[in-house]
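Worksheet for the structure shown next.
Numbering (the numbering used here), first residue to last: 1382 to 1653.
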C-alpha cells in the first residue's frame, strides 16, 4: 500500500509534530497538500456517490408516497425556503429530539443508544468542517494551522467528547442488538450487524489513531489511521444500502407526512 500510494512512515520526532498530515507523503505544491489531495480524491467521490444514491432513493420514495396518498400536481407549491422551514426543519428537530421514540416505552433502550450516537455525528461533522476550513483553506495562508490541534483546543475537546459519545452509543446499540437476538426479537444476519460494526470501526480506529500519536507509536499508528480512512470511506459508500439509510428515509417520510397534511395539498383550489 505504501509503495502504491507514495505514503511513508515518518520519524518519531516528525510524527509528534506532523501527526498524520504527511500520511501520503509531501510535495512542494502550495495550492494543496499532498495528503489533502489523496484523501479528497477518494472521499469526495465516495460521499458524492452516496449522496446521489440517497437522492435517487428519496425522490422515488416521495413519488410513490404521493401516488399512494393521492397527492396530485398542486397549483401552488412552497418555495424551497418555505419547504425547509415548514416541513423539513420540523422533521429534523423531531428526529434529533427523538420525540416519537420517547413516547414508546419499548424503544427507551434504543433512544439511549441513538441519541449519543446522533450527537456524536453532529459534533464530528462540525469538527471535520472546521478542520477542512482551518487547515485546507486558511492553512494555505497561515501555515501554522497545519498539523495536529492542541488537546486544549475547544474544537479538539469537542472532537474527543464526540468520539467517546460515538463509542458509548454504539456500545449500547450493540448490547441491545445482542439481547434482542437472544430473545428472538431480531435477526442475526450480516445486514443487521454491518452498520454496527462499521460505526464501531470508525470510532475505535479514530480514537486509537489519536492515542497512538500521543504516545508516539508511529508504525502501528499509521496502520490504525489507514484502517480509519478505510472505515470512514466504507461508512460513506454503503450508507444508502445499510440501516444508516433509515435516517434519510425516515426524514423523508416525516417531511412528506407534514406536507401531505398541509394546505398545499388539502387546499380545495388545488383539488379542484
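Beta carbons are placed, not taken as given, at the ideal position from N, Cα and C, and that holds for glycine. Given the structure is predicted, the values throughout are model-derived calculations rather than measurements.
Nearest-angstrom beta carbon gap, residue j and residue i [assumed within contact, 8 Å]
| i | j | result |
| --- | --- | --- |
| residue 1558 | residue 1552 | Wrong, their Cβ atoms sit about 11 Å apart, outside the cutoff. |
| residue 1528 | residue 1406 | About 16 Å; that fails the 8 Å criterion. |
| residue 1609 | residue 1550 | Residue 1609 to residue 1550, Cβ: 18 Å. No contact. |
| residue 1633 | residue 1443 | 6 Å |
| residue 1621 | residue 1435 | 5 Å |
| residue 1594 | residue 1396 | 7 Å |
| residue 1639 | residue 1576 | The pair is not a contact, with the Cβ atoms about 27 Å apart (cut-off 8 Å). |
Residue span of the alpha helix (DSSP H) that contains residue i, given as start and end
| i | result |
| --- | --- |
| residue 1664 | In the structure as shown, the chain begins at 1382 and stops at 1653. Residue 1664 is therefore absent and cannot be evaluated. |
| residue 1514 | Taken as a continuous stretch (DSSP letters only), residue 1514 belongs to no alpha helix (DSSP H), as it is neither H nor E. |
| residue 1635 | 1626-1641 |
| residue 1472 | 1470-1478 |
| residue 1395 | 1393-1399 |
| residue 1617 | 1599-1618 |
| residue 1647 | 1644-1647 |
| residue 1462 | 1461-1464 |
Straight-line Cα distance separating residue j from residue i
| i | j | result |
| --- | --- | --- |
| residue 1545 | residue 1445 | 40 Å |
| residue 1503 | residue 1428 | 16 Å |
| residue 1617 | residue 1589 | 20 Å |
| residue 1645 | residue 1460 | 11 Å |
| residue 1493 | residue 1431 | 27 Å |
| residue 1433 | residue 1520 | 30 Å |
| residue 1385 | residue 1533 | Reliability fails at residue 1385, whose pLDDT of 48 lies under 50, so the model's placement of it is uncertain and the value that follows must be treated cautiously. Those two C-alpha atoms are separated by around 36 Å. |
| residue 1603 | residue 1390 | 7 Å |
| residue 1647 | residue 1458 | 12 Å |
| residue 1580 | residue 1547 | 8 Å |
| residue 1449 | residue 1542 | 44 Å |
| residue 1643 | residue 1463 | 12 Å |
| residue 1423 | residue 1408 | 19 Å |
| residue 1641 | residue 1398 | 56 Å |
| residue 1438 | residue 1447 | 14 Å |
| residue 1599 | residue 1392 | 8 Å |
| residue 1472 | residue 1499 | 15 Å |
| residue 1421 | residue 1563 | 42 Å |
Local Cβ density within 10 Å of residue i, reported as buried at 16 or more and exposed below that
| i | result |
| --- | --- |
| residue 1572 | exposed |
| residue 1416 | buried |
| residue 1601 | exposed |
| residue 1441 | exposed |
| residue 1570 | exposed |
| residue 1587 | buried |
| residue 1627 | exposed |
| residue 1477 | exposed |
| residue 1636 | buried |
| residue 1468 | buried |
| residue 1514 | exposed |
| residue 1394 | exposed |
Complete beta strand (DSSP E) runs within the segment 1508-1589 (minimum length 3 residues, chain order)
None, since the segment 1508-1589 contains no complete beta strand (DSSP E) of that length.
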